[in-house]
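Visitor: Below you will find the structure I want to go over with you.
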Amino acid sequence: MADQNQPNINGNANSTNRGNKNKMPRFNFTWVYVLIALALGYLFFAGGDMQQSGTASKKVTYTVFKQYVEQGYANKIIANKDEGSVRMYVKPEHIRDVFQQGVEQTGKQPFVQAEFPSADKLDEFVEAQQELGNFKGELSYKRSDDTFMQVFWNLFPLLFIIAVWIFIMRRMGSGGGVGGMGGIFNVGRSRAQLVEKGTENESKVTFKDVAGQASAKQEVQEIVEFLKNPNKFTDLGGKIPKGALLVGPPGTGKTLLAKAVAGEADVPFFSMSGSDFVEMFVGVGASRVRDLFRQAKEKAPCIIFIDEIDAVGRARSRNAMMGGNDERESTLNQLLTEMDGFGTNSGVIIMAATNRADILDKALLRAGRFDRQIHVDLPDLNERKAVFKVHLRPIKVDASLDIDLLARQTPGFSGADIANVCNEAALIAARHGKQAVTKEDFLAAVDRIVGGLEKKTKVMTEDEKRTIALHEAGHATISWNLQYANPLIKVTIVPRGRALGAAWYLPEERQITTREQMLDEMCATLGGRAAEELFTGHISSGAMNDLERVTKQAYGMIAYMGMSDALPNLCYYSNEEYSWQRPYSEATAELIDKEVKRMIAEQYDRAKRLLLEKREGHKALADLLVEREVIYAEDVENIFGKRPWVSRTEELLTSQPANDDGEDNL
Ligand code: ADP
Ligand code: ZN
Numbered sequence: 003m004a005d006q007n008q009p010n011i012n013g014n015a016n017s018t019n020r021g022n023k024n025k026m027p028r029f030n031f032t033w034v035y036v037l038i039a040l041a042l043g044y045l046f047f048a049g050g051d052m053q054q055s056g057t058a059s060k061k062v063t064y065t066v067f068k069q070y071v072e073q074g075y076a077n078k079i080i081a082n083k084d085e086g087s088v089r090m091y092v093k094p095e096h097i098r099d100v101f102q103q104g105v106e107q108t109g110k111q112p113f114v115q116a117e118f119p120s121a122d123k124l125d126e127f128v129e130a131q132q133e134l135g136n137f138k139g140e141l142s143y144k145r146s147d148d149t150f151m152q153v154f155w156n157l158f159p160l161l162f163i164i165a166v167w168i169f170i171m172r173r174m175g176s177g178g179g180v181g182g183m184g185g186i187f188n189v190g191r192s193r194a195q196l197v198e199k200g201t202e203n204e205s206k207v208t209f210k211d212v213a214g215q216a217s218a219k220q221e222v223q224e225i226v227e228f229l230k231n232p233n234k235f236t237d238l239g240g241k242i243p244k245g246a247l248l249v250g251p252p253g254t255g256k257t258l259l260a261k262a263v264a265g266e267a268d269v270p271f272f273s274m275s276g277s278d279f280v281e282m283f284v285g286v287g288a289s290r291v292r293d294l295f296r297q298a299k300e301k302a303p304c305i306i307f308i309d310e311i312d313a314v315g316r317a318r319s320r321n322a323m324m325g326g327n328d329e330r331e332s333t334l335n336q337l338l339t340e341m342d343g344f345g346t347n348s349g350v351i352i353m354a355a356t357n358r359a360d361i362l363d364k365a366l367l368r369a370g371r372f373d374r375q376i377h378v379d380l381p382d383l384n385e386r387k388a389v390f391k392v393h394l395r396p397i398k399v400d401a402s403l404d405i406d407l408l409a410r411q412t413p414g415f416s417g418a419d420i421a422n423v424c425n426e427a428a429l430i431a432a433r434h435g436k437q438a439v440t441k442e443d444f445l446a447a448v449d450r451i452v453g454g455l456e457k458k459t460k461v462m463t464e465d466e467k468r469t470i471a472l473h474e475a476g477h478a479t480i481s482w483n484l485q486y487a488n489p490l491i492k493v494t495i496v497p498r499g500r501a502l503g504a505a506w507y508l509p510e511e512r513q514i515t516t517r518e519q520m521l522d523e524m525c526a527t528l529g530g531r532a533a534e535e536l537f538t539g540h541i542s543s544g545a546m547n548d549l550e551r552v553t554k555q556a557y558g559m560i561a562y563m564g565m566s567d568a569l570p571n572l573c574y575y576s577n578e579e580y581s582w583q584r585p586y587s588e589a590t591a592e593l594i595d596k597e598v599k600r601m602i603a604e605q606y607d608r609a610k611r612l613l614l615e616k617r618e619g620h621k622a623l624a625d626l627l628v629e630r631e632v633i634y635a636e637d638v639e640n641i642f643g644k645r646p647w648v649s650r651t652e653e654l655l656t657s658q659p660a661n662d663d664g665e666d667n668l
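Heads up, the sequence shown is in my numbering, so the first residue is 3 and it goes up one at a time.
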């Protein structure tokens, strides 16, 4: 119900308990790069001397070199003609004479190095010294390619690391089916699948293939119109929207809708899953996004469809200390940049699908990006019938098949589940060698799929359906019969999101809320649990959401709005984010708790009394819900009669289409 009228009470009541998760530093691949870079740097700068580490050497003039040889210090002389330099290795007993240091400091084979004027002169000099007996060793020559080898050996570790890295990249790159060679060169390319007219994977999906989803279809039809005749809109100065976000549970036909848009508008269609962007390596996601948009611009007008956009679009962390340049975030940033970057009228429209719009980054939902949200919910009874009709088209069915019955037997099924039922039924019939698929095959298929799905999705049993109907009827009955509760628009027991059923109310447009209004709303919110207790004899987990809201509301009213008689006119609200200290005493804390309990208990009793008083009406409502799954304000009015109070909003209600603000989850 209309929590949004009291924005300051929610979330503060127990904010101290929150915010401690997600503080573990996340493993970030940037660090791997930093480590590799450091290692390379070390090898590069230190590597040159590694071979001679611990060996002293000294540059001297040719004259000094000659003196050393004449004094008989030389052990070995090696000349490099290419460089014009000569090395004289010093005899161990003369190391101290040359280096003024012991062997411990200079190493076993220290040398002096000098430039020689010409090879002939050097030869001559060395020969003379040999004859004189000052030098007993040989003069040997060394080629420059030794230096090459030396460089090679210095660089070897580096080359090795690069090789390993390439190997890993290639493994990663080819993982996604790019295949063969070039994995490493293609990591930055987008993996989008292109559906285009005249190619083998041409899309033949049209709106006819999408059953039900009337309102989603209508909104999406407009996008087709944009793509087909952009001038119609731009001539009037209008801007064509850049993106539309399809929100709804899996299997409800979001991809199908996007494909239908492409099929109807006759434009190319790039399809990609959000998780395709995310890779272990920094920068890959961003580069894939760039690549995708580049390709799309070449093919404009066209549609980009990103399935499961929450894989990249999850809200960026607020903590600037950690993960600030996390890969996913840089991918998201790139996506935002690209969406800003191309002109509004370039003919590229982005559609994305998610079943968690609430966790998406706010920046994605801003104007100029995914500013349109199109809700695609699980089908209700009539919609399921329509989906069955679509998927029964290619199947040879027995004449006795009753589609009504099938739709009735499949509450909570998504479009994909229904497609699955039809296929499974055909398989079962074929296994039994039948000529046509019969009702029994379908029912067997339903059972089989319910069995398989039970844990995964919100498939309901008859019993659960009844409980949910009683619960929702409880909300509806009370809100209809209390003066200040929000007027009801629609009640459904079709599961949506995490909730099992839902009721929609039109929240009153009001700036302040009185205590009576809050209490009435609290009573209506408790009506679900009260109805369960009264009419099934059990209470269920389905009311948790309601209870959470009621509890917060009660704390807000008592601790922040001074609305209880025991604590009048006191506000303990503190807007300091990290205040661990409560601004009240232990005794007051106990009093607040007591008052909250009392307030909720009072409203719960009130709800039960009212439900008992209106039990016939409540039962009729619940039966209607079980039968139809969705009921509207008119149906409630038929049962309870017109509400005697006409509020400002109800006047609006008659003149305005229903909106699903202020929805109430079971
Ligand atoms: P989502 O993208 O919402 O997860 P899909 O669009 O991939 O779901 O739907 C999967 C399949 O389910 C479709 O290929 C189609 O066969 C079937 N389906 C889902 N919704 C509908 C629908 N409203 N009408 C007809 N078929 C549907
Ligand atoms: Zn409820």
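In this text, a Cβ means the ideal position worked out from N, Cα and C, and glycines have one as well.
1. In the DSSP assignment, the alpha helix (DSSP H) including Cys424 goes from what residue to what residue?
2. Spell out the partners DSSP gives Asp382 in its beta bridges.
3. Going by DSSP, what residue range makes up the beta strand (DSSP E) through Met546?
4. Helix, strand or coil: which one does DSSP assign to Ser275?
5. Could you give the DSSP three-state label for Tyr64: helix, strand or coil?
6. For Asn384, which residues from the same chain have a beta carbon less than 8 Å from its beta carbon, with the 5 sequence-adjacent residues on both sides left out?
7. Indicate the three-state DSSP secondary structure (helix, strand or coil) for Val207 in the structure shown.
8. Using DSSP's beta-bridge definition, name the partner residues of Glu518.
9. Mind checking Met546: buried by the 16 CB within 10 Å criterion, or exposed?
10. Can we say the stretch 358-376 touches the stretch 303-316, given the rule of at least three CB pairs closer than 8 Å?
11. Got a sec, what are the start and stop residues for the alpha helix (DSSP H) Met90 sits in?
12. Cα separation between Ser576 and Ile242?
13. Quick check on the DSSP output: the alpha helix (DSSP H) that includes Arg611 runs from which residue to which?
14. Could you check if Asp666 is buried or exposed, using at least 16 other CB atoms within 10 Å of its CB as the buried criterion?
15. Evaluate Asn483 with the Cβ neighbour count: other Cβ atoms within 10 Å of its Cβ, from every protein chain shown; 16 or more gives buried, anything less gives exposed.
16. If you draw a straight line from the alpha carbon of Glu300 to that of Glu523, how long is it in whole angstroms?
17. At a cut-off of 6 Å, would you count Asp522 as near the ligand ZN, judging by its Cβ distance to the nearest heavy atom?
18. At a cut-off of 6 Å, is Thr254 close to the ligand ADP when judged by its beta-carbon and the heavy atoms of the ligand?
19. Using the beta-carbon count (16 or more within 10 Å), is Ser481 buried or exposed?
20. In angstroms with no decimal places, state the Cα-to-Cα distance between Ile560 and Leu521.
21. Tell me, which residues are paired with Cys304 by DSSP?
22. Classify Arg500 as buried or exposed, calling it buried when 16 or more other Cβ atoms lie within 10 Å of its own Cβ.
23. Check each candidate in Leu141, Thr254 and Asn425 and name the one with the smallest Cα separation from Lys83.
24. Beta carbon of Tyr486, beta carbon of Glu518: below 7 Å?
25. Quick test of the definition: if touching needs 3 or more C-beta pairs under 8 Å, does the stretch 435-442 touch the stretch 402-422?
26. So what does DSSP say about Ala288, is it helix, strand or coil?
27. Quick check on the DSSP output: what are the complete alpha helix (DSSP H) runs of length 4 or more inside the stretch 93-129, in order along the chain?
28. To the nearest angstrom, how far is the alpha carbon of Arg386 from that of Ser587?
29. Measure how close the beta-carbons of Lys610 and Leu549 come, nearest whole angstrom, since I'm counting them as under 8 Å.
30. With H, G and I counted as helix, E and B as strand and the rest as coil, what does DSSP make of Leu238?
31. In three-state DSSP terms, what is Pro585?
32. Going by C-alpha distance, which of Ala365, Asp419, Val100 and Ser332 is nearest Gly245?
33. Would you list the residues sitting across from Arg316 in a DSSP beta bridge?
34. Where does Met341 sit, in a helix, a strand or coil, going by DSSP?
35. By DSSP, does Gly245 sit in helix, in strand, or in coil?
36. What do you reckon, is the C-beta of Gly214 under 6 Å from a heavy atom of the ligand ADP?
Guide: This is what the structure gives:
1. Within the sequence shown, numbered from 1, the residue matching residue 424 stands at position 422. Start and end: Gly417 to Arg433.
2. Indexing the sequence shown from 1 puts residue 382 at position 380. Answer is none; Asp382 lacks a bridge partner.
3. As a position in the sequence shown, residue 546 is number 544, starting the count at 1. It is not in any beta strand (DSSP E) - Met546 instead sits in the alpha helix (DSSP H) that spans Met546 to Tyr557.
4. Here residue 275 corresponds to residue number 273 of the sequence shown, with the count starting at 1. Ser275 falls in the strand class under three-state DSSP.
5. Taking the first residue of the sequence shown as 1, we reach residue 64 at position 62. In the structure shown, Tyr64 sits in a helix (DSSP, three-state: H, G or I).
6. Here the question's residue 384 lines up with position 382 in the sequence shown. The residues are Gly214 and Ala409.
7. Walking along the sequence shown from the start, residue 207 turns up at place 205. Coil, per DSSP.
8. As a first step, residue 518 must be located in the sequence shown, where it is residue number 516. DSSP lists no partner for Glu518.
9. Within the sequence shown, residue 546 is the residue found at index 544, counting from 1. That one is exposed.
10. yes
11. Looking up residue 90 in the sequence shown gives position 88. That residue, Met90, is in no alpha helix (DSSP H); its beta strand (DSSP E) goes Ser87 to Val92.
12. Locating residue 576 in the sequence shown gives position 574, where the first residue counts as 1. Locating residue 242 in the sequence shown gives position 240, where the first residue counts as 1. Going by the C-alpha atoms only, they are around 44 Å apart.
13. Working through the sequence shown from its first residue, we reach residue 611 at position 609. Unbroken alpha helix (DSSP H) run through Arg611: Glu588 to Glu615.
14. As a working mapping, residue 666 is identified with position 664 in the sequence shown. Since pLDDT at Asp666 reaches only 45, below the 50 mark, its modelled position is unreliable, and the value read off the structure follows with that caveat. Classification for Asp666: buried.
15. Numbered from 1 along the sequence shown, position 481 holds the residue referred to as residue 483. Asn483 should be labelled buried.
16. Here residue 300 is taken as the residue at index 298 of the sequence shown, counted from 1. Here residue 523 is taken as the residue at index 521 of the sequence shown, counted from 1. Straight-line Cα distance between these residues: approximately 55 Å.
17. One-based indexing of the sequence shown puts residue 522 at position 520. No, Cβ of Asp522 sits at least 6 Å from all heavy atoms of the ligand ZN.
18. In the sequence shown, the residue the question calls residue 254 occupies position 252. Flag set: Cβ of Thr254 near the ligand ADP.
19. Taking the first residue of the sequence shown as position 1, residue 481 is located at position 479. The residue in question, Ser481, is buried, as its Cβ has 16 or more Cβ neighbours within 10 Å.
20. Taking the first residue of the sequence shown as 1, we reach residue 560 at position 558. Taking the first residue of the sequence shown as 1, we reach residue 521 at position 519. Taking the straight line joining both Cα atoms gives about 12 Å.
21. Taking the first residue of the sequence shown as position 1, residue 304 is located at position 302. Val350.
22. Translated into the one-based positions of the sequence shown, residue 500 becomes position 498. Note that Arg500 scores 49 on pLDDT, short of 50, meaning its location in the model is unreliable and no value can be drawn from it.
23. Start at 1 with the first residue of the sequence shown, and residue 83 comes out as number 81. Residue Leu141 is the option with its Cα nearest to Lys83.
24. In the sequence shown, residue 486 corresponds to position 484, counting from 1. In the sequence shown, residue 518 corresponds to position 516, counting from 1. In this structure, Glu518 lies closer than 7 Å to Tyr486 by Cβ.
25. yes
26. Stepping through the sequence shown from its first residue, residue 288 is reached at position 286. Helix.
27. 97-101 and 105-108
28. For the purposes of this step, residue 386 is taken as the residue at position 384 of the sequence shown. For the purposes of this step, residue 587 is taken as the residue at position 585 of the sequence shown. For Arg386 and Ser587, the distance between alpha carbons rounds to 57 Å.
29. Against the sequence shown, residue 610 aligns to sequence position 608. Against the sequence shown, residue 549 aligns to sequence position 547. Between Leu549 and Lys610 the Cβ distance is about 15 Å, and since that is not below 8 Å, they are no contact.
30. For the purposes of this step, residue 238 is taken as the residue at position 236 of the sequence shown. In the structure shown, Leu238 sits in coil (DSSP, three-state: anything other than H, G, I, E or B).
31. For the purposes of this step, residue 585 is identified with residue 583 of the sequence shown, where counting begins at 1. If DSSP states are grouped into helix, strand and coil, Pro585 belongs with coil.
32. As a working mapping, residue 245 is identified with position 243 in the sequence shown. Gly245 has its Cα closest to that of Ala365, out of Ala365, Asp419, Val100 and Ser332.
33. Walking along the sequence shown from the start, residue 316 turns up at place 314. According to DSSP, Arg316 bridges with Leu362.
34. In the sequence shown, residue 341 corresponds to position 339, counting from 1. Helix at Met341.
35. The residue labelled residue 245 in the question sits at position 243 within the sequence shown. Gly245: strand per DSSP, three-state reduction.
36. Position 212 of the sequence shown, counted from the first residue, corresponds to residue 214. It does: the Cβ of Gly214 is within 6 Å (strictly closer) of some heavy atom of the ligand ADP.
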